[in-house]
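For the sequence shown, position 32 matches number 31 in numbering that gives the first Met the number 0, and the numbering has no gaps at all.
Here a beta-carbon is modelled for each residue, glycine too, at the ideal position from N, C-alpha and C.
Keep in mind the model is a prediction, meaning the values are calculated, not measured.
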Amino acid sequence: MLNLGVIEVGESDFSSPLILVEAPGRDPRPCIDYRKLNSVTRAEYFPLSNIEERVEAVGSAKYITVNDLTKGYWQNLLSTQAQRYAAFSTPFGSYRPLTMPFGLLNAPYCFSKFIATLLQGCEQYCVPYLDDIAIFSNTWQDHMKHIDEILGKIASAKFKI
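This is the structure we're talking about:
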């Protein structure tokens with residue numbers, strides 16, 4: 000993560016521990032334990048699309064393209080203040096995340112709100128759901144225009160798919 004520019008070495012007056020989480024049949028994976036921070040964080044809410052309605056709209060289209068934002072959360076930069084609160088410690092030192100880590104209470108809210116704002120005005124042919132973006136159209140010509148517009152918006156935010 001350090002080599003990817005997702006975190007940096009750094010101290011903070013806030014720090015959450017890094018723990019190993021085990022899942023059956025898989026190797027343990029490192030996770031930042033934000034439970035204490037989340038317990039004192041005011042929850043924000045952003046309504047996710049009614050997935051059943053959106054699936055129906057997408058499913059009735061003749062052409063469908065689904066884009067998955069590569070490591071979507073990691074493409075959202077954190078403010079300096081958020082980096083301070085989201086800092087974590089390991090036996091090897093203390094670190095600050097530079098991008099949005101998993102586990103923060105309001106991460107889904109912030110990410111969903113950003114994507115919805117980015118794609119505002121495209122609701123008739125585009126359905127974002129967290130880091131997946133479905134583009135749907137009834138004609139090939141419209142589909143090419145819709146894909147071009149959505150990819151332009153994604154590129155303007157410097158996101159990668």
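Around the beta carbon of Arg-28, a 10 Å sphere encloses fewer than 16 other beta carbons of the protein chains shown; the residue is thus reported as exposed. Nearest to Asp-131 by C-alpha distance, out of Ser-38, Ala-115 and Gly-120, is Ala-115. The shortest C-alpha to C-alpha distance from Trp-73 to any of Val-39, Glu-51 and Phe-110 is the one to Phe-110. Annotation for Cys-125: the continuous beta strand (DSSP E) segment containing it runs 125 to 128.
Of the residues Leu-104, Pro-46 and Arg-53, the one whose Cα lies closest to the Cα of Asp-32 is Leu-104. Counting the other CB atoms within 10 Å of its CB gives Phe-158 a total of 16 or more, which places it among the buried residues.
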